[in-house]
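Start counting the sequence shown at 195; every next residue gets the next number (the numbering used here). Written below as structure tokens is the structure these notes are about.
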Amino acid sequence: MKQTFFLSAALSVMSFGGFAQGPSQGVLDARYIQENYTKVEKQIPMRDGIKLHTVIYSPKDQQKKYPIMFDRTPYSAGPYGQETFKNSLGPSMLFAKEGYIFVYQDVRGRYLSEGDFVANRPYIANKKNKKDIDESSDSYDTIDWLVKNVPGNNGKVGTWGISAPGFYTTMTAIDAHPALKAASPQAPVTDWFMGDDRHHNGAFFLMGTFSFLSYYGAARPEPTPDHAASFNGYGTADAYSFYKELGPLKNANDRYFKGQNKIWNEMMDNPDYTEFWQARTPVPHLKKIKPAIMTVGGWFDQEDLYGPLKTFSGIEENKPKSPNHLVMGPWTHGSWTRGDNSFLGNVRFNSATGPYYRQEIEFAFFNHYLKGTANPELAKATIFETGSNTWIKYDSWPPAEAKTKKLYFHPGGKLSFDEPSAKADKYDEYISDPENPVPYTNQIRIDRGADYMYEDQRFASRRPDVLVYRSEILTEDVTISGKLLADLYVSTTGTDADFIVKLIDVYPGDAPDDSPIAGTRMGGFEQLVRGEVMRAKYRNSFSAPEALEPGKTTAVKFDMQDAAHCFKKGHRIMVQVQSSWFPLVDRNPQKFVNIYKADEKDFQKATIRIHSGAGQQSGIIMDVISSK
195 MKQTFFLSAA LSVMSFGGFA QGPSQGVLDA RYIQENYTKV EKQIPMRDGI KLHTVIYSPK
255 DQQKKYPIMF DRTPYSAGPY GQETFKNSLG PSMLFAKEGY IFVYQDVRGR YLSEGDFVAN
315 RPYIANKKNK KDIDESSDSY DTIDWLVKNV PGNNGKVGTW GISAPGFYTT MTAIDAHPAL
375 KAASPQAPVT DWFMGDDRHH NGAFFLMGTF SFLSYYGAAR PEPTPDHAAS FNGYGTADAY
435 SFYKELGPLK NANDRYFKGQ NKIWNEMMDN PDYTEFWQAR TPVPHLKKIK PAIMTVGGWF
495 DQEDLYGPLK TFSGIEENKP KSPNHLVMGP WTHGSWTRGD NSFLGNVRFN SATGPYYRQE
555 IEFAFFNHYL KGTANPELAK ATIFETGSNT WIKYDSWPPA EAKTKKLYFH PGGKLSFDEP
615 SAKADKYDEY ISDPENPVPY TNQIRIDRGA DYMYEDQRFA SRRPDVLVYR SEILTEDVTI
675 SGKLLADLYV STTGTDADFI VKLIDVYPGD APDDSPIAGT RMGGFEQLVR GEVMRAKYRN
735 SFSAPEALEP GKTTAVKFDM QDAAHCFKKG HRIMVQVQSS WFPLVDRNPQ KFVNIYKADE
795 KDFQKATIRI HSGAGQQSGI IMDVISSK
């Protein structure tokens, strides 16, 4: 069952006092914190004797008791020093003004905490002694110390965090301390191989990983308040040019990292989904979760869209006795923490989605479980449906009322929910050339950015190595809400290939020019709704890759990650298929090799066919709420 509710465009950021925007707001927030909070720094001992640097902000008014909001991070609990304060506390300043105790902690091996850092440290289910530690045990030990030693706490703890801190938040809920009453993993890193940050469906996300790991994977010989510098020797503003000139992936170590970057080396040494990666996802351990959970994500998250969806479903599949909620909004990575979030690029959402989330959902959730205020009665899933620009409350996710349908590719570039009638094998083909890969964006930029998640796709649809399938003009709305699966039948002259499938909303030629970007013409705009990549050698097993047989038609099916979007009457639905997405994703040599060790000679052109007849009917399988 769903409930639809509209948020007036008149809702402004000023409606929420803590979010009045202006040049002095940050100064006012910083002043408020210094006037109303005290700060202490502690080295809290863990069960194995390692001490973790922990920063505690407590209200100066000690006439009442306060719950604890706890954030564990690999990105610094600073600023450091008793007299230096953060400019904002908690998930938002609403919490600071309400009155909470805020705790920030450098995770093991980062910044001023002792110990060795392990990215996405594996969970140990059966701990045998005090040396068997993980992020769950470090969370438990810290919470135990906090409730026993921090004056003025009410014995209740909430945890939250975004991205990597979202991973640590998830881990607080596994074998949770009894004082932990509510946790909100937000854009949580959940699986670096299957869909978050570093890989998607086995395909290596080159651009973001190279930049991020240049500092995140650098050695930290001893505790320090400083972090390693990020790589800045690009020598160009054009990432396409830089990574093209880099050549095969192994050159990154030869030229830049010199074998000194631990996490990069781990990536290069573990090309398949083996125990190394499987041990680093918390999803199999999301059992008997006791705190109330509210997992948060953004439909345009360029880093961790996979994480919130799989974290929520991983908990839900184990039928928790405690509340389990999902919130998905029209946001990029972590953007729900700031601004009014009423548009992205050329796409308007017609309401201030950020303030609404922060006040009516996040703040209400934690206040209820930690302070005993009224139950906000959150739905199982609170979903922002793009296209129609409405918040919808569902009793389940994916929605129980959704019907699974297949959107078929037809020969010659047509797209329809009707099954192709051709009895003979039909196909469309293109030549994929690693020397001329399809760019992931039309922009010239050196950083990845988030714009490609909602960018006009006309730059790609005009290339000969991108197949384009278009529906007829829609005579009524088509609403998808739930899972998206690419269901391809392919053949190639090579022995491996990548397949990128993009679901696109094509605006009418006379669409109103209502873009927030002045001077933009919106007629014919091709808005990316969802794009995803699959490395074909993993089509049968992510742990045991298999070569493609040249010329043989092969099924390649993969998770495109969920979506909630209304294709409006008068629009068209488009699907693009291509075999490179550069330099977002590294180039596939189109030869069955260990790509992390491939040489220049391994890269080859391939003729690729997408089949659409004789029982080999390619398309996208989707959850549809309504359709023609």
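Heads up, the beta-carbon is just placed ideally off N, CA and C, and yes, glycines get one too.
Can you give the Cα-Cα distance for proline 273 and asparagine 281, rounded to whole angstroms?
-> 10 angstroms
Using only alpha-carbon positions, find the residue among Met240, Phe264, Glu277, Asp242 that is nearest to isoleucine 227.
-> Closest in alpha carbon position to isoleucine 227, among Met240, Phe264, Glu277, Asp242, is Glu277.
Serine 737: first and last residue of the uninterrupted alpha helix (DSSP H) it sits in = Looking at the DSSP string, serine 737 is not in any alpha helix (DSSP H), and its letter there is neither H nor E.
How big is the Cα-Cα spacing for phenylalanine 752 and arginine 729?
-> Phenylalanine 752 and arginine 729: Cα-Cα distance of roughly 10 angstroms.
When you compare each of Ile337, Tyr500, Thr567 to arginine 724 by their alpha carbons, which one comes out closest?
-> Tyr500
Start and end of the beta strand (DSSP E) containing leucine 340?
-> Unbroken run through leucine 340 is the alpha helix (DSSP H), 329-343; no beta strand (DSSP E).
Nearest-angstrom Cα distance between serine 529 and glutamate 229?
-> 28 angstroms
Taking one C-beta from the stretch 679-690 and one from the stretch 730-748 each time, how about it: are there three or more such pairs within less than 8 angstroms?
-> Yes: the two stretches touch, three or more of their Cβ pairs being nearer than 8 angstroms.
Buried versus exposed call for valine 234 [16 or more other C-beta atoms within 10 Å across all chains shown] | exposed
So what does DSSP say about tryptophan 354, is it helix, strand or coil?
-> strand
If we call anything under 9 angstroms between Cβ atoms a contact, is serine 378 one with threonine 475?
-> With respect to the 9 angstroms criterion, serine 378 and threonine 475 are not classified as neighbours on the basis of their beta carbons.
How many Å lie between aspartate 650 and glutamine 256 at the Cα?
-> 54 angstroms
Use the C-beta contact count for serine 218: other C-beta atoms within 10 angstroms, 16 or more gives buried, fewer gives exposed.
-> exposed
If you check the beta carbons only, do methionine 754 and leucine 679 fall under 9 angstroms apart?
-> With a cutoff of 9 angstroms on beta-carbon distance, methionine 754 and leucine 679 are scored as near each other.
Taking only the alpha-carbon atoms, compute the straight-line gap between lysine 795 and isoleucine 625 and give it to the nearest angstrom.
-> 18 angstroms
In chain order, what residues of the same chain lie with their CB nearer than 7 angstroms to the CB of arginine 428, ignoring the 5 residues before and after it?
-> Correcting the residue type first, residue 428 is tyrosine in the shown sequence and not arginine. Spatial neighbours of tyrosine 428 in its own chain (CB-CB distance under 7 angstroms, excluding positions within 5 residues in sequence) are listed in chain order as Phe436, Ile640.
Identity of the residues DSSP links to glycine 725 by a beta bridge = Note: glycine 725 sits in a beta bridge opposite Lys696.
CA-CA distance, serine 577 and aspartate 369?
-> Note on residue identity: the sequence assigns isoleucine, not serine, to residue 577. Approximately 29 angstroms, taken between the alpha carbons.
Residues sharing a beta bridge with methionine 754, DSSP | In DSSP, methionine 754 forms no bridge with anything.
In angstroms, rounded to a whole number, what distance separates the CA positions of lysine 696 and phenylalanine 361?
-> 28 angstroms
Touch check for the stretch 261-268 and the stretch 338-353: three-plus C-beta pairs under 8 angstroms?
-> yes
Every unbroken alpha helix (DSSP H) within the stretch 406-437, with a cutoff of 4 residues, ordered by chain = none
Going by CA-CA distance only, name the one from Ala654, Gln637, Val662 that's closest to glutamate 623.
-> Among Ala654, Gln637, Val662, the Cα nearest to that of glutamate 623 belongs to Val662.
Inter-residue Cα distance where the pair is phenylalanine 200 and glycine 220 = Note that phenylalanine 200 has pLDDT 42, beneath the 50 cutoff, so the model's placement of it is unreliable and no number is given.
Spatial distance of alanine 214 from arginine 225 (CA atoms) | Only weak support is given to the placement of alanine 214: the predicted model assigns it a pLDDT of 42, under 50, and the value that follows is read from those uncertain coordinates. So the alpha carbons of these two residues sit roughly 15 angstroms apart.
Candidates Ala618, His479, Ala546, of which the one nearest proline 514 by Cα = His479
Proline 783 beta carbon less than 9 angstroms from that of proline 628 | Taking 9 angstroms as the Cβ cut-off, proline 628 and proline 783 qualify as a contacting pair.
Please say whether asparagine 788 and proline 465 have beta carbons closer to each other than 9 angstroms?
-> Between proline 465 and asparagine 788, the gap from beta carbon to beta carbon is short of 9 angstroms.
In three-state DSSP terms, what is tyrosine 450?
-> Tyrosine 450 falls in the helix class under three-state DSSP.
Does the beta-carbon of glycine 607 have 16 or more other beta-carbons within 10 angstroms, so that it is buried, or is it exposed?
-> exposed
Do you know offhand how far tryptophan 591's Cα is from glutamate 497's?
-> Rounded to whole angstroms, the gap between the alpha carbons of tryptophan 591 and glutamate 497 is 21 angstroms.
Might you give, ordered along the chain, the residues of its own chain that have their beta carbon closer than 8 angstroms to the beta carbon of aspartate 310, omitting 5 neighbours on each side?
-> Arg302, Gly303
Could you tell me which residues DSSP pairs with lysine 481 in its beta bridges?
-> Its beta-bridge partners do not exist; DSSP assigns none.
Start and end residues, beta strand (DSSP E) containing histidine 805 = 800-807
Quick one, which of Arg241, Ser270, Ser812, Thr567 has its alpha-carbon nearest threonine 248's?
-> Ser270
Is it buried or exposed for glycine 813, if we count other Cβ within 10 angstroms and need 16 for buried?
-> buried
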